[in-house]
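Protein chains in written order, with this note's numbering: chain R, 2 to 159; chain E, 2 to 159. Ideal placement from N, C-alpha and C gives every residue a C-beta, glycine not left out. Please read the structure below before turning to the comments.
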DNA sequence: TATTGTTATACTCTATAACTATA
DNA sequence: TATAGTTATAGAGTATAACAATA
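Next comes the structure, spelled out in structure tokens:
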């Protein structure tokens, strides 16, 4: 998307009620804020997401990480390539099943993950600045229900 | 994104609180529903959006349409190419400024636009099915504020 | 000179198919 | 045979640079 700054202000009336359009532009604004916030660390939002999954799954395989993120295993290859080149992860064959690659954070990787999580939280905060706390809570819950409808009870919101 | 069906159900705990992740997956689910709904018409959601803008701006130029959609003018070229090939739009040089291409809907294009709008509304409806009406209203307003923050008064929501 | 459409090119994100090593 | 990782390739969606026609 072209930046259209300083006029990112232009909700086209005939599209402003279409959810797809709103999702795209809202997501794009969040991405811009997040990229900017993470830039000093040299990782993208997508790469940070990978780091967060690895941090939570300390000896996961590439396939395991990909599956948890909803990505293809071929996509994960270059993602890990890049992170390895940056020095934030290491990979080596699992001794107990040499088909698998175990992926672990380096100590620098742990630091990057910690700092990245904090920076991206700040970016989220400024992204959400136009909303009240109540609306933010509703938004989060709504997004969870819409993204993963079958994983929740249908206790509809108030 | 791989479909991961029937388990699109998998909100990874370490990512489920990240807005970027939720936006991506919610948007992806909406896109899937919309594509499926529009498939009989032979147009994508993106192409329908172009048709809607043209319908609203009956003698717009390619650049005008692109700008209104937040796209680049080079992106619009192939978008219009495809729509012209499908027979839903026509383009010709503006007699009063022959640098511009005027883009208009054909009669088939008007029909496709009308039907597409209805079908994609149905898709939105089933997408939103997990939410109450109240939450849906909050979501729509929140997305508008988040996507185009500077175009609204900062009357924060209740 | 500036603007519109176009072409060529490239980058990101993603997938499918096919290969290799291992099980 | 089946699985994990890899490579090659392709297809959306998008942008930048450069060019032609027109203003």
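*Considering only C-alpha positions, which residue in the set 144(E), 22(E) and 109(E) is nearest to residue 86(E)?*
Considering only alpha carbons, the answer is 109(E).
*Where residue 65(R) and residue 49(R) are concerned, what is the direct C-alpha to C-alpha distance, given to the nearest angstrom?*
Using only the alpha carbons, I get a separation of about 16 Å.
*From this set, 71(E), 136(E) and 102(E), which residue's C-alpha is nearest residue 81(E)'s C-alpha?*
Looking from the CA of residue 81(E), the closest CA among 71(E), 136(E) and 102(E) belongs to 102(E).
*Report yes if the CB atom of residue 28(E) is closer than 8 Å to the CB atom of residue 28(R), and no otherwise.*
It is a contact, given that the beta carbons lie within the stated cut-off.
*Since residue 70(R) meets chain E, which of its residues come closer than 8 Å, beta carbon to beta carbon?*
13 and 16, listed in chain order.
_Quick check on residue 93(R) - is its C-beta less than 8 Å from some C-beta in chain E?_
The beta-carbon of residue 93(R) is placed no less than 8 Å from the nearest beta-carbon of chain E.
_Between residue 54(E) and chain R, is the shortest Cβ-Cβ distance under 8 Å, so that the two count as touching?_
Residue 54(E) counts as touching chain R.
*Which of helix, strand or coil DSSP assigns to residue 203(E)*: With chain E covering only 2 through 159, there is no way to say anything about residue 203(E).
*residue 105(R) vs residue 90(R) beta-carbon contact at 8 Å*: In this structure, the beta-carbon distance from residue 105(R) to residue 90(R) falls below 8 Å.
*Under 8 Å between C-beta atoms, does residue 119(E) make it to chain R?*
Judged by the 8 Å Cβ criterion, residue 119(E) is not in contact with chain R.
_So residue 32(R) contacts chain E; which residues on that side make the cut at Cβ distance below 8 Å?_
What residue 32(R) touches in chain E: 21.
_Suppose the cutoff is 8 Å on Cβ atoms and the five residues either side in sequence are ignored; what does the same chain contact list for residue 93(E) look like?_
Counting only Cβ-Cβ distances below 8 Å, and skipping sequence neighbours, we find 102 and 103.
*Answer with yes or no whether the minimum CB distance from residue 145(R) to chain E is below 8 Å.*
At a cut-off of 8 Å between beta carbons, residue 145(R) contacts chain E.
*Would you mind working out which of 59(E), 45(E), 111(E) and 147(E) sits nearest residue 131(R), comparing C-alpha positions?*
Across the set 59(E), 45(E), 111(E) and 147(E), the C-alpha of 147(E) shows the shortest separation from the C-alpha of residue 131(R).
*Does the Cβ-Cβ distance between residue 31(E) and residue 24(R) come in under 8 Å?*
In contact: residue 31(E) and residue 24(R) (Cβ atoms closer than 8 Å).
*Unbroken beta strand (DSSP E) runs of length 3 or more, entirely within the segment 36 to 95 of chain R: which are they?*
Residue ranges of uninterrupted beta strand (DSSP E) with 3 or more members, entirely inside the segment 36 to 95 of chain R and ordered along the chain, are 90 to 95.
*Per-residue contacts from residue 85(R) into chain E (C-beta, under 8 Å)*: Residues of chain E with a Cβ closer than 8 Å to the Cβ of residue 85(R) do not exist; the shortest Cβ-Cβ separation is about 20 Å.
*Could you say which of 53(R), 57(R) and 83(R) lies nearest to residue 117(R) if we only look at CA atoms?*
If we check each option's Cα against that of residue 117(R), 53(R) comes out closest.
*asked:* With a threshold of 7 Å on Cβ separation, who are the neighbours of residue 34(R) within its own chain once the five nearest residues in sequence on each side are excluded?
replied: Contacts found: 124, 127 and 128.
_Start and end residues, alpha helix (DSSP H) containing residue 115(E)_ = 108 to 128 is the extent of the alpha helix (DSSP H) around residue 115(E).
*Of all Cβ atoms in chain R, is any one closer than 8 Å to the Cβ of residue 51(E)?*
Not flagged as an interface residue toward chain R: residue 51(E), since no C-beta distance is shorter than 8 Å.
*residue 56(R) and residue 114(R): beta carbons closer than 8 Å?*
Between residue 56(R) and residue 114(R), the CB-CB gap stays under 8 Å.
*asked:* In this structure, how does DSSP classify residue 208(R) when only helix, strand and coil are distinguished?
replied: Nothing can be reported for residue 208(R), as the shown portion of chain R is limited to 2 through 159.
*residue 17(R): which of 136(E), 97(E), 69(E) and 76(E) sits nearest, CA to CA?*
Checking every option, the nearest Cα to that of residue 17(R) belongs to 69(E).
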